[in-house]
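**Student:** Shown below is the structure under consideration.
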Amino acid sequence: MILEARGITHYYKHDLALDNVDFTAKKGEFIAIVGESGGGKSTLLSILSSLLRPTLGELFFEGKAYAQIKDIDAFRQKEIGFIFQFHYLIGYLTVLENIKLAAIDKKSPYIDTLFEQCGIEAIKDKYPDEISGGQRQRAAIVRALVNAPKIIFADEPTGNLDSHNSQNIYELFKSLSQSGTTIIIATHDRNVSAYTDKIIEVTDGKIL
Numbered sequence: 001m002i003l004e005a006r007g008i009t010h011y012y013k014h015d016l017a018l019d020n021v022d023f024t025a026k027k028g029e030f031i032a033i034v035g036e037s038g039g040g041k042s043t044l045l046s047i048l049s050s051l052l053r054p055t056l057g058e059l060f061f062e063g064k065a066y067a068q069i070k071d072i073d074a075f076r077q078k079e080i081g082f083i084f085q086f087h088y089l090i091g092y093l094t095v096l097e098n099i100k101l102a103a104i105d106k107k108s109p110y111i112d113t114l115f116e117q118c119g120i121e122a123i124k125d126k127y128p129d130e131i132s133g134g135q136r137q138r139a140a141i142v143r144a145l146v147n148a149p150k151i152i153f154a155d156e157p158t159g160n161l162d163s164h165n166s167q168n169i170y171e172l173f174k175s176l177s178q179s180g181t182t183i184i185i186a187t188h189d190r191n192v193s194a195y196t197d198k199i200i201e202v203t204d205g206k207i208l
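The UniProt record's numbering numbers the first residue of the sequence shown as 1 and each following residue consecutively.
This is the structure in structure tokens:
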């Protein structure tokens, strides 16, 4: 088991967002957390990815408790990739420069491999405002993968894309999971079920 959460409960002040949630993910699984806005899916994703500390509960990465990780920033950079609804590419940097900014090894040949794998090798020297929304999201995926993380977390990664580009992103996620990278996304798009290994539905802070 690469990731495990036990008894996750979270409050925003007095509002209960998650209620005693358990969660597990295996290496190479593609998991979607689905549900309506405000149901708790993004909160769960934030907690699983270490961006938010739960009010109660325990999280384990490859059997080691998150609480025992001394340098959480180094852990995130090495082990975890993040993709968000908005790509957050820096406008005055080229796509390649954006990727290298996130890379631990800025001269790694793996960067070129990722551009090819994600089908955007032709745009590496372009600026974000010179490429399409689908290409920008693929660039964000390359950035998330650049340090070869074991898990990718994505929050509404297709929220700003049309159905064609959304399908392309899901197919790319499926390919990545088949190569051994665990993919966990939060989305309201139930069409993702055609590509995932597992669907987790969160409603009113509980897993159905």
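Yeah, the Cβ is synthetic: ideal placement off N, Cα and C, and Gly gets one too. In this text, all values refer to a predicted model and were calculated from it rather than measured experimentally.
1) Any chance the region 121-138 sits against the region 45-56, with 3 or more Cβ pairs inside 8 Å?
2) What's the gap between the Cα of HIS87 and the Cα of VAL146?
3) Which one of GLY205, ASN191 and ILE184 has the shortest CA to CA distance from ILE31?
4) Given a cut-off of 8 Å, decide if GLU79 and PHE61 are closer than it, judged by their beta-carbon atoms.
5) Between which residues of its own chain and TYR127 is the CB-CB distance below 8 Å, once the five residues before and five after are set aside?
6) Alpha carbon to alpha carbon, how far is ALA17 from PHE84?
7) From THR9, ALA148 and GLN117, pick the residue whose C-alpha is nearest to that of SER175; which is it?
8) According to DSSP, GLU58 sits in a beta bridge with which residue or residues?
9) Does DSSP classify THR196 as helix, strand or coil?
10) So is ASN20 buried or exposed if we call it buried at 16+ other beta carbons inside 10 Å?
11) In the DSSP assignment, find the beta strand (DSSP E) that holds residue 217 and state where it starts and stops.
12) Note down, one range per segment and in chain order, each alpha helix (DSSP H) of at least 4 residues found wholly within the region 76-158.
13) Using a Cβ-Cβ cut-off of 6 Å (strictly less than) and excluding sequence neighbours within five positions of ALA140, which residues of its own chain qualify?
14) What are the start and end residues of the alpha helix (DSSP H) that includes THR181?
15) Between which two residues does the alpha helix (DSSP H) harbouring ILE47 extend?
16) Contact criterion: CB-CB distance below 8 Å. Does ILE83 meet it with respect to chain D?
**Tutor:** From the atom records:
1) no
2) Numbered from 1 along the sequence shown, position 87 holds the residue referred to as residue 87. Numbered from 1 along the sequence shown, position 146 holds the residue referred to as residue 146. Between HIS87 and VAL146, the C-alpha separation is close to 15 Å.
3) Indexing the sequence shown from 1 puts residue 31 at position 31. Among GLY205, ASN191 and ILE184, the Cα nearest to that of ILE31 belongs to ILE184.
4) Translated into positions along the sequence shown, residue 61 becomes position 61. Translated into positions along the sequence shown, residue 79 becomes position 79. Contact: yes.
5) Counted from its first residue, the sequence shown places residue 127 at position 127. Contacts found: GLY91, TYR92, LEU93, THR94 and VAL95.
6) To locate residue 17, count along the sequence shown from 1; it is residue 17. To locate residue 84, count along the sequence shown from 1; it is residue 84. The alpha-carbon atoms of ALA17 and PHE84 are separated by roughly 20 Å.
7) By one-based count along the sequence shown, residue 175 stands at place 175. Comparing Cα-Cα distances from SER175 to each of THR9, ALA148 and GLN117, the minimum goes to GLN117.
8) Within the sequence shown, residue 58 is the residue found at index 58, counting from 1. Beta-bridge pairing links GLU58 to ARG6.
9) For the purposes of this step, residue 196 is taken as the residue at position 196 of the sequence shown. In this structure, THR196 counts as coil in the three-state DSSP scheme.
10) For the purposes of this step, residue 20 is taken as the residue at position 20 of the sequence shown. Under this definition ASN20 is an exposed residue.
11) With the chain covering only 1 through 208, there is no way to say anything about residue 217.
12) 95-102, 110-117 and 133-145
13) By 1-based counting over the sequence shown, the position of residue 140 is 140. Result list for ALA140: ILE83 and HIS87, in chain order.
14) Along the sequence shown, one-based indexing puts residue 181 at 181. No alpha helix (DSSP H) contains THR181, which DSSP labels as neither H nor E.
15) Stepping through the sequence shown from its first residue, residue 47 is reached at position 47. Where ILE47 is concerned, the enclosing alpha helix (DSSP H) stretches over 41-48.
16) The question asks about chain D, but that chain is absent: this structure has only one protein chain.
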